[in-house]
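The numbering of the sequence shown is my numbering, which starts it at 216 and goes up by one.
C-beta: ideal position from N, C-alpha, C; glycine also.
Below is one structure, written out as structure tokens; comments come after it.
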Amino acid sequence: RRTHPYETPACDVYKLESGGDTWGLGLYGDLPEPRKISEIADRVRTALTPRSLRLVGDAARTVKRVAICSGSGGDLCHRAADRGVELFLTGEVRYHTALEARDRDLAILEVGHQASEEPVVDFLVGYLRERLPTTVPVEAFHEAEPFENIGS
Numbered sequence: 216r217r218t219h220p221y222e223t224p225a226c227d228v229y230k231l232e233s234g235g236d237t238w239g240l241g242l243y244g245d246l247p248e249p250r251k252i253s254e255i256a257d258r259v260r261t262a263l264t265p266r267s268l269r270l271v272g273d274a275a276r277t278v279k280r281v282a283i284c285s286g287s288g289g290d291l292c293h294r295a296a297d298r299g300v301e302l303f304l305t306g307e308v309r310y311h312t313a314l315e316a317r318d319r320d321l322a323i324l325e326v327g328h329q330a331s332e333e334p335v336v337d338f339l340v341g342y343l344r345e346r347l348p349t350t351v352p353v354e355a356f357h358e359a360e361p362f363e364n365i366g367s
């Protein structure tokens with residue numbers, strides 16, 4: 216208080232506790248059987264109906280350990296590579312993240328930000344409606360993809 220002009224400090228400082236490794240933004244695990252990236256891409260194309268798919272890596276490569284993170288998951292690429300992930304499926308990554316992943320032999324299947332998040336929206340609405348009081352309105356707002364593919 217000697218250096219602060221007010222009787223009461225203007226803010227409080229609280230220690231933030233980490234959730235540890237029990238929660239996070241992405242998931243990773245091993246497929247029951249190794250699969251070619253091209254096969255996984257075909258399944259993703261059917262399940263998510265993205266406007267386009269982009270791949271960093273070789274579509275003919277066979278992988279077993281796969282990670283997923285919806286939205287812009289590029290910040291998790293280094294963690295995925297550190298855990299032995301061979302294919303990282305996410306909405307979007309930055310250019311230099313893609314270069315680093317390629318150098319670390321981490322394939323990336325980029326499905327589009329919106330396409331990677333859309334499947335969970337309706338699930339979350341139901342989840343929240345079950346757990347919140349009925350006086351709290353819970354609605355889903357489905358965004359249209361802001362990007363349009365032109366040319367080939």
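Host alpha helix (DSSP H) of residue i (start-end)
{"i": "G341", "result": "H328 to R346"}
{"i": "L291", "result": "No alpha helix (DSSP H) holds L291; DSSP gives it neither H nor E."}
Residue i: first and last residue of the uninterrupted beta strand (DSSP E) it sits in
{"i": "A322", "result": "A322 to E325"}
{"i": "L246", "result": "L242 to K251"}
CA nearest to the CA of residue i, picked from the options
{"i": "E360", "options": "G286, G241, R258 and I323", "result": "G286"}
{"i": "T264", "options": "V278, S331 and F338", "result": "S331"}
{"i": "E363", "options": "G306, D257 and R266", "result": "R266"}
Where residue i falls, given that 16 or more other Cβ within 10 Å makes a residue buried
{"i": "Y342", "result": "exposed"}
{"i": "E301", "result": "buried"}
{"i": "L304", "result": "buried"}
{"i": "G288", "result": "buried"}
{"i": "G299", "result": "exposed"}
{"i": "V308", "result": "buried"}
{"i": "A282", "result": "buried"}
Residue i vs residue j beta-carbon contact at 8 Å
{"i": "A323", "j": "G244", "result": "Looking at the sequence shown, residue 323 is not Ala but Ile. Going by C-beta atoms, I323 is not nearer than 8 Å to G244."}
{"i": "C284", "j": "G241", "result": "yes"}
{"i": "H311", "j": "E333", "result": "no"}
{"i": "A296", "j": "A316", "result": "yes"}
Contacts around residue i, its chain only, beta-carbon distance under 6 Å, and the 5 residues preceding and following it disregarded
{"i": "R280", "result": "D245, G299, V300 and E301"}
Spatial neighbours of residue i in its chain, beta-carbon cut-off 8 Å, leaving aside the 5 residues before and after
{"i": "V353", "result": "V340, L343, R344 and L347"}
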